[in-house]
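Residue numbers (full-length UniProt numbering): 1 to 215.
Written out below as structure tokens is the structure these notes cover.
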């Protein structure tokens, strides 16, 4: 009988309170290569807070986090090199074009010192999101769905083992959602992992962690 893979990312008993109100309590999870965890809940149920704790942008009041079996600290360089985080904000410069935003992201990630290789990588990432026609226009002229696709395109520029995504399909139409699903499926098939916060389950399957809105 095959033994299940040990979790790479695990959490036990995570709890967070804000202004005396419990936001999260007793959260346990484990994620192994190729696995997806969908965090399901209404607005205010703590989905974003959980992602921020997992990526080190917020601290838990109680509980433990482990990465490859060792206690996880936000400044852990190995963890940061393995992590891609996409929050509610797209994190792109609206005065730049999609292509310029992605070229900048590729340089920050240290990908492709050769300019031609970097340009090819950017072009492929834009094409995968169907953004070729708007690649050279300022982001401020794009729809909210197109801006979200620019943010999602960044995931292809510097492959990371762990994706932490907060409502990744916000503002996307059906065709764009299908593109993201293909992107996610390829990531998981290659041994990647993902934690996705959503108010409606995506068709990607995986485990589901349901959060209730605090009383």
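Idealized CB from N, CA, C, for every residue including glycine.
Note that this is a predicted model, so its numbers are computed, not measured.
Beta-carbon proximity of residue 60 to residue 14, cut-off 7 Å: One thing to note: residue 60 has its Cβ within 7 Å of the Cβ of residue 14.
Near residue 193, which residues of its chain fall below 6 Å by C-beta distance, leaving aside the five closest residues on each side in sequence? 31, 35 and 162
If you count every other CB in all the chains shown that lies within 10 Å of the CB of residue 176, and 16 or more means buried, which is it? buried
Rounded Cβ spacing between residue 145 and residue 171 (contact assumed at less than 8 Å): 4 Å
If I measure Cβ to Cβ from residue 44 and keep anything under 6 Å in the same chain, skipping five residues before and after, which residues do I get? If you ignore the 5 residues before and after residue 44, its C-beta comes within less than 6 Å of the C-beta of 213, all in its own chain and listed in chain order.
Restricting to Cα atoms, I'd like to know which of 37, 7, 54 and 6 is closest to residue 24. 54
I need the DSSP call for residue 187, collapsed to helix, strand or coil. helix
Reduced DSSP category for residue 33 - H, G, I as helix; E, B as strand; rest coil: coil
Sheet register partners of residue 38 (DSSP bridge): 196 and 208
Could you check what DSSP says for residue 45 in three-state terms: helix, strand or coil? For residue 45, the three-state secondary structure derived from DSSP is coil.
Run the CB neighbour count on residue 105, radius 10 Å, all protein chains shown included, and call it buried at 16 or more, exposed below. buried
Put residue 50 into one of helix, strand or coil per three-state DSSP. Residue 50: helix per DSSP, three-state reduction.
CA-CA distance, residue 143 and residue 169? 14 Å
Could you check if residue 38 is buried or exposed, using at least 16 other CB atoms within 10 Å of its CB as the buried criterion? buried
How close, in whole Å, do the beta carbons of residue 218 and residue 29 come, if the pair is a contact with beta carbons under 8 Å? A query on residue 218 cannot be resolved here, the shown segment of the chain reaching from 1 to 215 and no further.
Going by alpha carbons, who is nearest to residue 209 out of 107, 50 and 33? From the listed residues 107, 50 and 33, the smallest Cα separation to residue 209 is found for 50.
Cutting at 7 Å between CB atoms, please list the residues of its own chain near residue 151, excluding the five before and the five after it. Here the set comprises 86, 90, 91 and 92.
Can you tell me whether residue 108 is buried or exposed, with buried defined as 16 or more other CB within 10 angstroms of its CB? exposed
In this structure, does DSSP put residue 160 in helix, strand or coil? When DSSP states are grouped into helix, strand and coil, residue 160 belongs to the coil group.
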